[in-house]
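Peer 1: Sequence lines, in order, name chains A and B.
Just so it is clear: in the first sequence, position 131 is 131 by UniProt numbering, and no numbers are missing.
Just so it is clear: in the second sequence, position 267 is 267 by UniProt numbering, and no numbers are missing.
Before we start, here is the structure in question, set down as structure tokens.
2 protein chains.
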Amino acid sequence: MNTAGRITGIGQGGHITLAHGGGGTAMRALIDDVFLQAFGNDPAVAQEDQARFPLSRFTAEGDRLAFTTDAFVVEPLEFPGGDIGTLAVCGTVNDLAVGGARPVALSAAFILAEGLELATLRRVVASMAACARAAGVRIVTGDTKVVPRGACDGLFITTTGIGTLPAGCDISIAGGRVGDVVIVNGTLGDHGAAILCARGDLALDTAIESDCAALNGLTQALLDAVPDVRAMRDATRGGVAGVLTELAEASGVTVRIEEDRLPIRPDVAGLCELLGLDPLYLANEGKLVAVVPAEAAERALAAMHAHPLGRNAAVIGTLAEIPASGRRGDVRLVNRLGGQRVVTMPMGEQLPRIC
Amino acid sequence: MNTAGRITGIGQGGHITLAHGGGGTAMRALIDDVFLQAFGNDPAVAQEDQARFPLSRFTAEGDRLAFTTDAFVVEPLEFPGGDIGTLAVCGTVNDLAVGGARPVALSAAFILAEGLELATLRRVVASMAACARAAGVRIVTGDTKVVPRGACDGLFITTTGIGTLPAGCDISIAGGRVGDVVIVNGTLGDHGAAILCARGDLALDTAIESDCAALNGLTQALLDAVPDVRAMRDATRGGVAGVLTELAEASGVTVRIEEDRLPIRPDVAGLCELLGLDPLYLANEGKLVAVVPAEAAERALAAMHAHPLGRNAAVIGTLAEIPASGRRGDVRLVNRLGGQRVVTMPMGEQLPRIC
Chain A
1 MNTAGRITGI
11 GQGGHITLAH
21 GGGGTAMRAL
31 IDDVFLQAFG
41 NDPAVAQEDQ
51 ARFPLSRFTA
61 EGDRLAFTTD
71 AFVVEPLEFP
81 GGDIGTLAVC
91 GTVNDLAVGG
101 ARPVALSAAF
111 ILAEGLELAT
121 LRRVVASMAA
131 CARAAGVRIV
141 TGDTKVVPRG
151 ACDGLFITTT
161 GIGTLPAGCD
171 ISIAGGRVGD
181 VVIVNGTLGD
191 HGAAILCARG
201 DLALDTAIES
211 DCAALNGLTQ
221 ALLDAVPDVR
231 AMRDATRGGV
241 AGVLTELAEA
251 SGVTVRIEED
261 RLPIRPDVAG
271 LCELLGLDPL
281 YLANEGKLVA
291 VVPAEAAERA
301 LAAMHAHPLG
311 RNAAVIGTLA
321 EIPASGRRGD
331 VRLVNRLGGQ
341 RVVTMPMGEQ
351 LPRIC
Chain B
1 MNTAGRITGI
11 GQGGHITLAH
21 GGGGTAMRAL
31 IDDVFLQAFG
41 NDPAVAQEDQ
51 ARFPLSRFTA
61 EGDRLAFTTD
71 AFVVEPLEFP
81 GGDIGTLAVC
91 GTVNDLAVGG
101 ARPVALSAAF
111 ILAEGLELAT
121 LRRVVASMAA
131 CARAAGVRIV
141 TGDTKVVPRG
151 ACDGLFITTT
161 GIGTLPAGCD
171 ISIAGGRVGD
181 VVIVNGTLGD
191 HGAAILCARG
201 DLALDTAIES
211 DCAALNGLTQ
221 ALLDAVPDVR
231 AMRDATRGGV
241 AGVLTELAEA
251 SGVTVRIEED
261 RLPIRPDVAG
271 LCELLGLDPL
281 YLANEGKLVA
291 VVPAEAAERA
301 LAAMHAHPLG
311 RNAAVIGTLA
321 EIPASGRRGD
331 VRLVNRLGGQ
341 RVVTMPMGEQ
351 LPRIC
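Right under this line is the structure:
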């Protein structure tokens, strides 16, 4: 947040103008009034172009630094269960968390369209601040650009996160082994379904909310109970199908999923049936796929069930040998009659701008 | 770069489609073919959603971590002297470097418009790779989103950088003291002038190129020669005027600049005269303002002159007491006849989408 301390104020109403991205007094007022206050940054620190940390956050022998970034372009900006700000914070926290890292700090870069309502921006920034606080992470540096009306659709946010990765923690999408079990922490497809309904094209009246949530508390609880988690990934774009096909291929196994065991909300299942969508491919923003050794499955489930974000956790399948007739990277969905179908990697997301 | 190893190929021609941002096979092909190859990332590492570093990069007692982010929305995407990719790498490297940090790694998040030519993306990514190599920094993690035609204008890139900040290095915009001298490393306003001409609205035929460059080699040479640099800042949006007004206010001094000493290319000066622009406010992308104690000025200049990016370095002014009649934060430009005018902080950038 490069700004000096003088607060000139931008008022409560109004809209974003090109000057708010111009590096001058208007931008400084925006940063002081909207960002620094919400994120609780010290203006004297914020006027530097970089955040600085003592490395005492990384004290244990063998600790490593984890580093991840995501751009968020969701449409609409606000939807039941969250907004682009909650997505931006939770998404990046989750990318760190599923690798076993403890999130330390985030940066946030905003691309604003001229004409965006300041009230909208304030709400989104307040969501980011609240999510960050809840996840125990600070937003420490940022940037703001404004593009003319028509050059960008409202508001894009890119968050980047750094975290500490303890020695010996080497969770990898290639870490699954034959015999391991596959667990998800709750109902699938809620985010995708919520966005679909929020777009309003369908004139459907549903109570489906996005599952958007920061998973670092849950992953920590899981790792405390089962230090040898083999693989973990949040199931965002491409859904659980996307994660499982990557896992199957990277780990060199076949993933067998039992359709009966997939936790799906009845209203999400109904929406999928109505529209011919597959909940396995719908995006989630507060769901992870964890692969653990079979003997740790009960411990993993117990740890998840004890956490508010894992109450509906369930074992959904297992990792098996690649059959003689099979291809590396196959995911097989077994239905209640014992029939099987191959779940393929999606070509693209069913809904553009899902996150 | 979250992708698995299978390379399906996207061909040489073609355009970006929504599927390229959907988290499926199309996105994986884009990442494999365009990003990983250019950035030299290991596909096995790239398929994780985070980059991981040993902290052996931060070994000296007291080392800190520096962390900075910037979004780039420049228009046009390509211009004489660079493109949005060179800006994205140099801009973030420079934000680290002017704080005294040594850049270690960058992340890059891309927002692509449906319909963007793949050839354009390939050129931009090649520029990023070349700049990163030249600056000695690696692009280690990333993200790609695609928005429908009309929701974004071509291509936006957000880069985030981490670096090591040695113990005792506390360069700050508030660090200037009365008597210090103000140095710039070369001609002012080249980037702003180049973008203005590249937009083509003026039908001017000039040879002005952007000064876009990574300054970490230069800042390192300067800090080796003058460890007690007081303040340093790259003069991007808002130009040198923006930096000096922030410096004057944060440091509690008056900045006196001598007009005669400002290094300005004759063609940039001519363009400014023609259009009524002030080169002090024009954006730079390879220029920094450094404040050093008066007794270190010669050493600082010698170190800069010996570096290819500092050949035209010049002392342009000094820091003085705030006069009884003055206001905290004044920057005064003294012309060749001894007349003075106050340089105010710009309200906004003269040219939107300059970076």
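Heads up, the beta-carbon is just placed ideally off N, CA and C, and yes, glycines get one too.
1) Compare the beta carbon distance of residue 332/A and residue 254/A with 8 Å and say whether it is the shorter of the two.
2) Helix, strand or coil for residue 196/B, going by three-state DSSP, please let me know.
3) Can you grab the Cα-Cα spacing for the pair residue 75/A / residue 82/A, in whole Å?
4) With distance defined between alpha-carbon atoms, name the residue in 130/B, 145/B, 105/B nearest to residue 116/B.
5) Taking just the CA atoms, how far does residue 246/B sit from residue 235/A?
6) Assuming contact is defined by CB atoms lying nearer than 8 Å, are residue 259/A and residue 315/A in contact in what I supplied?
7) Using a Cβ-Cβ cut-off of less than 8 Å, list which residues of the segment 91-125 of chain A approach chain B; keep chain order.
8) Can you list, in chain order, the residues of its chain with a C-beta nearer than 6 Å to that of residue 189/A? Leave out the 5 residues immediately preceding and following it.
9) Taking only three categories from DSSP, how would you classify residue 33/A?
10) Could you please give the first and the last residue of the uninterrupted alpha helix (DSSP H) stretch that includes residue 128/B?
11) Leaving out the 5 sequence neighbours to the left and right, which residues in its chain are closer than 8 Å to residue 312/B when beta-carbon positions are compared?
12) Identify every residue that forms a DSSP beta bridge with residue 107/A.
13) In chain B, which residues lie with their C-beta within 7 Å of the C-beta of residue 145/A?
14) Alpha carbon to alpha carbon, what distance is there between residue 135/B and residue 195/A?
15) Taking Cβ positions, are residue 90/A and residue 237/A nearer each other than 8 Å?
16) Based on Cα-Cα distance, which residue from 108/B, 137/B, 114/B lies nearest to residue 124/B?
17) At least one CB of chain B closer than 8 Å to the CB of residue 162/A: is that the case?
18) Suppose contacts are defined by Cβ-Cβ distances below 8 Å. Is residue 346/A in contact with residue 18/B by that definition?
19) With a threshold of 16 other CB atoms inside 10 Å of the CB of residue 13/B, please say whether the residue is buried or exposed.
20) Give a yes or no on contact between the segment 147-163 of chain B and the segment 93-113 of chain B, applying the rule of three or more CB pairs nearer than 8 Å.
21) Are the C-beta atoms of residue 47/B and some chain A residue less than 8 Å apart?
22) Tell me the start and end of each unbroken alpha helix (DSSP H) in the UniProt domain "PurM-like C-terminal" (177-320) of chain A that is at least 4 residues and wholly inside, in chain order.
23) Would you call the segment 194-212 of chain A and the segment 63-71 of chain A touching, i.e. three or more CB-CB distances under 8 Å?
24) For the beta strand (DSSP E) containing residue 98/B, name the first residue and the last one.
25) Apart from the five residues on each side of it in sequence, which residues of its chain come closer than 6 Å, Cβ to Cβ, to residue 349/B?
26) Please list, in chain order, all residues of the same chain as residue 163/A whose beta carbon is under 7 Å from its beta carbon, the five residues on each side excluded.
27) Is any beta-carbon of chain A found at less than 8 Å from that of residue 50/B?
28) Using beta carbons (cut-off 8 Å, strictly below), is residue 209/B in contact with chain A?
29) Which residues mark the beginning and the end of the alpha helix (DSSP H) in which residue 43/A is found?
30) Hey, residue 222/B and residue 290/B are a contact pair by Cβ (cut 8 Å); roughly how many whole angstroms apart?
31) Since residue 31/A and residue 88/A should fall inside the 8 Å C-beta cutoff, what is the C-beta to C-beta distance between them, to a whole number of angstroms?
32) May I have the straight-line CA-CA distance separating residue 181/B from residue 298/B, to the nearest angstrom?
33) If you measure from the beta carbon of residue 85/A to each beta carbon in chain B, is any gap under 8 Å?
34) Per DSSP, what are the beta-bridge partners of residue 174/A in this structure?
35) Quick check on residue 332/A: does DSSP put it in helix, strand or coil?
36) Run the CB neighbour count on residue 85/A, radius 10 Å, all protein chains shown included, and call it buried at 16 or more, exposed below.
Peer 2: Here's the rundown:
1) yes
2) helix
3) C-alpha separation (whole angstroms): 12 Å.
4) 145/B
5) 44 Å
6) no
7) 95, 96, 98, 99, 101, 105, 107, 108, 109, 110, 111
8) 268, 279, 282
9) helix
10) 118-135
11) 185, 186, 187, 263
12) 141/A, 160/A
13) 71, 73
14) 42 Å
15) For residue 90/A and residue 237/A, no; Cβs fall outside 8 Å.
16) Residue 108/B is the option with its Cα nearest to residue 124/B.
17) It does: the Cβ of residue 162/A has a partner Cβ on chain B nearer than 8 Å.
18) no
19) exposed
20) yes
21) yes
22) 190-198, 216-225, 239-251, 266-275, 297-305
23) These segments do not touch.
24) Premise fails: residue 98/B is in no beta strand (DSSP E) and is neither H nor E.
25) 237
26) 66, 96, 101, 102, 103, 104
27) yes
28) no
29) First-last of the alpha helix (DSSP H) with residue 43/A: 43-46.
30) 6 Å
31) With 8 Å as the limit, residue 31/A and residue 88/A do not qualify as a contact, their Cβ atoms being about 17 Å apart.
32) 10 Å
33) no
34) The partner list for residue 174/A (beta bridge, DSSP) is empty, contrary to what the question assumes.
35) strand
36) buried
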